[in-house]
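Below you'll find the structure, written out as structure tokens, and then a few comments.
Chains as they are written, first to last, in this note's numbering: chain G, 2 to 221; chain Y, 1108 to 1586.
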């Protein structure tokens, strides 16, 4: 593998981590959605680059799925949902921006330490990809924890899935079964979420998860 | 492709799901549901006598054959129970005909997903199947569309998806570990290939992979502290789904963990997965046992009891060795049968009383003697009193643990006793005392619950040597 191939792959995977950080501190739903679209766009580029350097044409399919579904269809649809629900106000957060960023940095450091240590047998690109992928996964988790808004949690979950796709494509020669299934599950998950958001809206007139928490079964 | 019973186990639920989605009318679809589960059960039973050689995608061996038979059996009895349960829900108007149609189709999709997860020979395919099972159960849990049902479904969806995502990361890591040894492509994700070559995998990568898999699939097993979705999902969904969740889906996730545990056992340099499972198992047992005391909702009570028993089972498999594995397998089977029988009884009780609150039901043995005594028998069984089947498995587990690790055995016995006391405390107020709540006649289907309880009783009194030999054989496979 030539030096420039490695550098570009590295750049794209690194940008994904960076955009995950951008997602962490967005406090408006529209902005968050736009950043998520950028996240998916970079993922698509990264997967396409992997397809090129690994000479694995089936990965282009995965890249196309990431581009069309995650970067275009899902953000547009969520945009509509937000408009229809009239919730384009500010997102309240459970923890502040500073704390979230610090926690995120800690998580990235953790994934570097864990993944780089256990993968010294693998080729350098796969190693770095895996470390970046774990960072994106953990940052997605962090986002789900820090957001109270259901739409925010859903976006957190989708960026977590982006990290998984990055890991799957970084693993050279991994069969197509899994990649398509990941894309599929995101799609299915999205439909489920869509239905749920509407139902939640029907019942509570809000998508703020804290309000839902008042209806806990125990306190009946 | 020629028809064999393995494809039958998958094809019948898939076709039935499509048919049920298309057919209106509760009477036909409920019966079709039963017919489909019956056929699936027959196919599964025939796997005992003839099974095809493992293929690239599907594999049936002694281990998952046991799981498939258990799954299809409880799937069958639950469909019989659901016949009268769903009929009642339609009458009272809690469910409307379109939702019932959706429910029946989803029931078959769930059966398909669980069977696929069990007989998949490919770790990626197994993951997809477990994801599908999660999504279908999320939809079923939210089917009543009440505040609580929606919250439960949302919580289950978020926690389940995170768990499933972590499990996928672990799956990718396993592939990464296998690739240098086996080479690129499908072979590096096949159980049959992985197990023979795992000795040469990079142990460090395997260790990290197992941690992710344990957290991921452990969420689906309902091990503490990853259990938060479980009580809500059990309490708010339709009762047949509570029975299937407790009795089957938790087992399927556990099966996935057991397969990966076998993989690690082949590699001498990798960490021993046993202690991790023992710790999580004991934690779940003791935690759930204490949580049983403060339950006010009858379905939530038995959901925590499921966490407790999954803890015991994870503990047994974590200890390993022929006797503990045997006890774990037996306990898993007995728990599936008993817990689903209890949920059958609870479903009818909640229907006649019109509530799930323990405080609003009482003196059940006077108002509804058959249901009341069925519940008592079920709780006696789940508490592990002799001569029922769970006593056998718990006794085996405790004695074998005392011989190997007395301190752990003390924790185990403590947890079990705390749980038993809590269960009887609650049972006392439900079954005896002043009759409370409605005493309208119950339109219940008693056959499934008494069939399960009779099997549990029979296993406690006399286990046929063939069955013992079978379980010993499977326990040997688990190492």
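Positions of the beta carbon are idealized from the N, C-alpha and C atoms, including for glycine.
- A direct Cα-to-Cα measurement between residue 135/G and residue 117/G gives close to 11 Å.
- For residue 142/G, the chain Y residues whose Cβ falls inside 7 Å of its Cβ are 1269, in order along the chain.
- For the segment 107-126 of chain G, the set of residues with a beta-carbon nearer than 9 Å to any beta-carbon of chain Y comprises 115, 116, 118, 119, 120, 121, 122 and 123, in chain order.
- For residue 1336/Y and residue 1329/Y, the gap between their C-alpha atoms comes out near 8 Å.
- Taking a Cβ-Cβ cut-off of 7 Å, residue 1356/Y has no neighbours in chain G, whose nearest Cβ is about 17 Å from it.
- At a C-beta separation below 9 Å, residue 1467/Y has no neighbours in chain G, since its nearest C-beta there lies roughly 11 Å away.
- The C-beta of residue 174/G comes closer than 7 Å to at least one C-beta of chain Y.
- Residue pairing by DSSP places residue 1469/Y opposite 1543/Y in a beta bridge.
- Rounded to the nearest whole angstrom, the CA to CA distance from residue 68/G to residue 1274/Y is 25 Å.
- Per DSSP, reduced to three states, the secondary structure at residue 1297/Y is strand.
- In the DSSP assignment, residue 1203/Y falls outside any alpha helix (DSSP H) and carries neither an H nor an E.
- Look at residue 1292/Y: its C-beta is under 7 Å from a C-beta on chain G.
- For residue 1552/Y, no alpha helix (DSSP H) segment is defined, and its DSSP state is neither H nor E.
- When DSSP states are grouped into helix, strand and coil, residue 1564/Y belongs to the helix group.
- Counting only residues of its own chain and dropping the five nearest sequence neighbours on each side, residue 1374/Y has a CB closer than 7 Å to the CB of 1305, 1306, 1308, 1310 and 1313.
- Contacts with chain G (Cβ-Cβ distance below 7 Å) from the segment 1272-1297 of chain Y involve 1272, 1275, 1276, 1279, 1282, 1283, 1286, 1287, 1291, 1292, 1293 and 1296, listed in chain order.
- Distance between residue 1563/Y and residue 1237/Y, taken at the CA atoms: about 28 Å.
- Taking residue 16/G as reference, the option from 47/G, 35/G, 25/G and 6/G with the minimal CA-CA separation is 47/G.
- In the three-state reduction of the DSSP assignment, residue 1236/Y falls in the helix class, which pools H, G and I.
- Distance from the CA of residue 1440/Y to the CA of residue 1333/Y, rounded to the nearest whole angstrom, comes to 23 Å.
- Straight-line measurement puts the Cα of residue 132/G at about 21 Å from the Cα of residue 1378/Y.
- As DSSP reads the structure, residue 124/G sits in no beta bridge.
- Using a Cβ-Cβ cut-off of 9 Å, residue 161/G is close to 1268, 1269 and 1272 of chain Y, given in chain order.
- CA-to-CA, the gap between residue 1364/Y and residue 1253/Y works out to about 34 Å.
- Beta-bridge partners of residue 1404/Y (DSSP): 1464/Y.
- For residue 168/G, the chain Y residues whose Cβ falls inside 7 Å of its Cβ are 1276 and 1279, in order along the chain.
- Any Cβ of chain G closer than 7 Å to the Cβ of residue 1312/Y would place that residue at the interface, and such an atom is present.
- Here DSSP, grouped into helix, strand and coil, assigns residue 1228/Y to coil.
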